[in-house]
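**Q** Below you will find the structure I want to go over with you.
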């Protein structure tokens, strides 16, 4: 990718290449059951002659397979070395983080109510919400991401509500400005975003003193979590507001793409530079700026328009950072540290739901075949065992953030520990900058929650027709019918999960000063 020549110096010096990071290599997005056993059965053949014949075929096939495997692995290692890749240990390998605790895993006792009660009791006895997180120094953040800080200025355009700035454009205007964008290169749903922008790109370049400038923007607000809590529905409704121009949901740049991490249905990619992320907001930049040819003053035509970004991983997913640093300790930098250093006035929206229901919905949505309430119960029991083992010798925060623990869990248990993540976000941002909503309230009184969000974003009033369109639209990303047919979770599973989440919910209600986050109406 061609590096632009930026004409300003910010917190740190610019570098030519985006800093290389080691990559997290995963086979699947859904964790493998670490206790699964592969069983190979051999079928007896009827005759010695047939057996001998097929044995030779198997032998030759085995030899050919070994040769092909060797060639593939050799090619992968050689090309991987050139790209800065490295093979990481399997995340499912048990280290001291998940060493056997006082309640050793026993398949025969997984469904035993008394046994699981003891596991939960052991977990809750080890919880500690009192800690003073050390905020990283800005210089340390800049040194870890020098290119990002060289591209984004520390001041934005005055008189424009959304954080935007002008950047000198030094590339050949006859070339496709999005030809090197990694989102457009690798993801079909983002490719369509650049189709229209590519056509009108030149019209939005500002000419000043013989130079060309393009407007760049960051989001005014972020919907940061949590998964399966209604973030898609909220983002879809917000996009209907006349003063909001949104882009495609779930770019996951802060948590994954900038480190080069891809989902299981994608191949591993290069690290997405910050320019690829900023390109996603060119649509709102065009709307704010208008056409410079029709606006001789060069002042933005619509300074009150804003944009947002919604990635349900932003609040909790720091696994990539763990791969860059020591995975046996708490990560030195969290996602919010970088956002705060660049956008100290940013606003954040968090949508939460009863963590017990969230976990079951997460299992149904991301689970593989053979899903059932009984299978969910077994996976919950295994995950509780893993978390309890980690807490035996490690802090609560390390066990929550550690990727080995999360990847070993058959269900994503720790994502529902909302208060752990929220308290860390509150170390750098004020409560006034973070709006926390409940999906239950959003579903029962959508008009109220949407007005609450509009007020939080300082948006103007909408007409009654537009309000009806926003609040009466069908819900987005609802549960599939096949998953609905599986029915609810088992009563024993619900009871165990409620006991497990209770201390976390109590702390959350205390911090937010709102007892509705106890979700006692579900008891």
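In our numbering, the protein residues as written are 58 to 580. Here a beta-carbon is modelled for each residue, glycine too, at the ideal position from N, C-alpha and C. Note that the coordinates shown come from a computational prediction; the quantities given were computed from them, not determined experimentally.
Would you kindly check if the distance between the Cβ of residue 519 and the Cβ of residue 298 is under 9 Å?
**A** One-based indexing of the chain shown puts residue 298 at position 241. One-based indexing of the chain shown puts residue 519 at position 462. Result yes, Cβ atoms of residue 298 and residue 519 sit closer than 9 Å.
**Q** Identify whether residue 264 lies in helix, strand or coil by the three-state DSSP scheme.
**A** Taking the chain shown and counting its residues from 1, the one referred to as residue 264 is at position 207. Three-state result, residue 264: strand.
**Q** CA-CA distance, residue 241 and residue 274?
**A** Stepping through the chain shown from its first residue, residue 241 is reached at position 184. Stepping through the chain shown from its first residue, residue 274 is reached at position 217. Each residue's alpha carbon lies about 18 Å from the other.
**Q** Beta strand (DSSP E) containing residue 408: first to last residue?
**A** Along the chain shown, one-based indexing puts residue 408 at 351. Segment 404 to 409, the beta strand (DSSP E) holding residue 408.
**Q** Between the C-alpha atoms of residue 570 and residue 560, what's the straight-line distance to the nearest angstrom?
**A** As a first step, residue 570 is located in the chain shown; it is residue number 513 there, counting from the start. As a first step, residue 560 is located in the chain shown; it is residue number 503 there, counting from the start. So the alpha carbons of these two residues sit roughly 15 Å apart.
**Q** Which complete beta strand (DSSP E) runs does the stretch 256 to 308 hold, if anything under 3 residues is left out?
**A** Correct list: 263 to 265, 268 to 274, 278 to 282.
**Q** Which first and last residues belong to the beta strand (DSSP E) in which residue 367 is found?
**A** Here residue 367 is taken as the residue at index 310 of the chain shown, counted from 1. Per DSSP, residue 367 belongs to the beta strand (DSSP E) from 365 to 367.
**Q** Mind checking who residue 497 pairs with in its DSSP beta bridge?
**A** Against the chain shown, residue 497 aligns to sequence position 440. DSSP, once it has assigned bridges, lists no residue as partnering residue 497.
**Q** Which residues in the same chain have their Cβ closer than 6 Å to the Cβ of residue 552, if we skip the five residues on either side of it in sequence?
**A** Within the chain shown, residue 552 is the residue found at index 495, counting from 1. None.
**Q** Check whether the stretch 474 to 484 touches the stretch 214 to 227, taking contact to mean three or more Cβ pairs, one atom from each stretch, closer than 8 Å.
**A** Too few Cβ pairs lie closer than 8 Å, so no.
**Q** Between the Cα of residue 230 and the Cα atoms of 262, 209, 348, 210, which residue gives the shortest distance?
**A** Residue numbering aside, residue 230 sits at position 173 when the chain shown is read from its first letter. It is 262.
**Q** Helix, strand or coil, according to DSSP, for residue 329 in the structure here?
**A** For the purposes of this step, residue 329 is taken as the residue at position 272 of the chain shown. Residue state, collapsed to three classes: coil.
**Q** Do residue 567 and residue 415 have their C-beta atoms within less than 9 Å of each other?
**A** The residue given as residue 567 occupies position 510 in the chain shown. The residue given as residue 415 occupies position 358 in the chain shown. Contact flag unset, no.
**Q** Going by alpha carbons, who is nearest to residue 193 out of 208, 413, 427, 387?
**A** Numbered from 1 along the chain shown, position 136 holds the residue referred to as residue 193. For the residues 208, 413, 427, 387, the minimum Cα distance to residue 193 belongs to 387.
**Q** With 16 other CB atoms within 10 Å as the buried threshold, where does residue 170 fall?
**A** What you label residue 170 is simply residue 113 of the chain shown in a count that begins at 1. That one is exposed.
**Q** So, residue 452 versus residue 248, is the Cβ gap smaller than 9 Å?
**A** Here the question's residue 452 lines up with position 395 in the chain shown. Here the question's residue 248 lines up with position 191 in the chain shown. Not in contact: residue 452 and residue 248 (Cβ atoms no closer than 9 Å).
**Q** Note down the Cα distance separating residue 574 from residue 331, rounded to an integer number of angstroms.
**A** Numbered from its first residue, the chain shown carries residue 574 at position 517. Numbered from its first residue, the chain shown carries residue 331 at position 274. One C-alpha to the other measures close to 36 Å.
**Q** Sorted by chain position, which residues of the same chain lie with C-beta nearer than 7 Å to residue 309's C-beta, five sequence neighbours on each side aside?
**A** Within the chain shown, the letter at position 252 stands for residue 309. Cβ neighbours of residue 309 beyond the five flanking positions: 368, 370.
**Q** From residue 500 to residue 526, what does the alpha carbon distance come to, in whole angstroms?
**A** Taking the first residue of the chain shown as position 1, residue 500 is located at position 443. Taking the first residue of the chain shown as position 1, residue 526 is located at position 469. Distance between the alpha carbons of residue 500 and residue 526 is about 16 Å.
**Q** Report yes or no: do three or more beta-carbon pairs, one from the stretch 404 to 424 and one from the stretch 284 to 296, lie closer than 8 Å?
**A** Flag = yes, the stretch 404 to 424 and the stretch 284 to 296 touch.
**Q** So residue 492 packs on residue 180, CB below 8 Å; how close in whole Å?
**A** Translated into the one-based positions of the chain shown, residue 492 becomes position 435. Translated into the one-based positions of the chain shown, residue 180 becomes position 123. Their Cβ separation, rounded to whole angstroms, is 30 Å, which puts residue 492 and residue 180 out of contact at 8 Å.
**Q** To the nearest angstrom, how far is the alpha carbon of residue 389 from that of residue 264?
**A** On the chain shown, residue 389 is found 332 positions in, with the first residue counted as 1. On the chain shown, residue 264 is found 207 positions in, with the first residue counted as 1. Cα to Cα, the separation comes out at about 43 Å.
**Q** In this structure, does DSSP put residue 492 in helix, strand or coil?
**A** Translated into positions along the chain shown, residue 492 becomes position 435. Strand, per DSSP.
**Q** If we count the other Cβ atoms within 10 Å of its Cβ and call it buried at 16 or more, is residue 455 buried or exposed?
**A** As a working mapping, residue 455 is identified with position 398 in the chain shown. Counting Cβ neighbours within 10 Å, residue 455 comes out buried, since at least 16 surround it.
**Q** Where residue 543 and residue 423 are concerned, what is the direct C-alpha to C-alpha distance, given to the nearest angstrom?
**A** Here residue 543 refers to the residue found at position 486 of the chain shown. Here residue 423 refers to the residue found at position 366 of the chain shown. Spanning the two alpha carbons is a distance of roughly 14 Å.
**Q** Less than 6 Å between C-beta atoms, sequence neighbours within five positions excluded: which residues of the same chain meet that for residue 524?
**A** Stepping through the chain shown from its first residue, residue 524 is reached at position 467. For residue 524, where only same-chain residues beyond five positions count, there are no Cβ hits under 6 Å.
**Q** Which same chain residues end up closer than 8 Å to residue 135 when comparing Cβ atoms and leaving out the 5 residues on each side of it in sequence?
**A** The sequence position of residue 135 within the chain shown is 78, counting from 1. At residue 135, the pLDDT of 45 sits below 50, so the modelled position is not reliable; the number obtained from the coordinates is stated separately. Within the same chain, residue 135 has no close Cβ partners at all.
**Q** Looking only at DSSP bridge pairs, what is residue 223 linked to?
**A** As a working mapping, residue 223 is identified with position 166 in the chain shown. Answer by DSSP bridge pairing, in chain order: 272.
**Q** When DSSP labels each residue in this structure, what does residue 584 get in the three-state scheme?
**A** Shown here, the chain extends from 58 to 580; a query on residue 584 therefore has no answer.
**Q** What does the alpha-carbon distance come out to for the pair residue 404 and residue 478?
**A** For the purposes of this step, residue 404 is taken as the residue at position 347 of the chain shown. For the purposes of this step, residue 478 is taken as the residue at position 421 of the chain shown. Computed Cα separation, rounded: 16 Å.
**Q** Short of 6 Å in beta carbon distance, which residues of its chain neighbour residue 234, apart from the five on each side in sequence? Order them along the chain.
**A** The residue labelled residue 234 in the question sits at position 177 within the chain shown. Cβ neighbours of residue 234 beyond the five flanking positions: 258.
**Q** For the putative contact between residue 177 and residue 557, defined by C-beta atoms under 8 Å, what is the C-beta separation to the nearest angstrom?
**A** Mapped onto the chain shown, residue 177 falls at position 120. Mapped onto the chain shown, residue 557 falls at position 500. Confirmed, about 5 Å.
**Q** Taking the alpha carbon of residue 467 as the point to measure from, which residue in 437, 506, 313, 372 has its own alpha carbon closest?
**A** If you number the chain shown from 1, residue 467 lands on position 410. Of the candidates 437, 506, 313, 372, the one whose C-alpha sits nearest the C-alpha of residue 467 is 437.
**Q** If you draw a straight line from the C-alpha of residue 428 to the C-alpha of residue 564, how long is it?
**A** As a first step, residue 428 is located in the chain shown; it is residue number 371 there, counting from the start. As a first step, residue 564 is located in the chain shown; it is residue number 507 there, counting from the start. Distance between the alpha carbons of residue 428 and residue 564 is about 32 Å.
**Q** Alpha carbons only, please: which of 394, 278, 372, 304 is nearest the one belonging to residue 191?
**A** The residue you call residue 191 lines up with position 134 of the chain shown. Taking only the C-alpha atoms, the option nearest residue 191 is 394.
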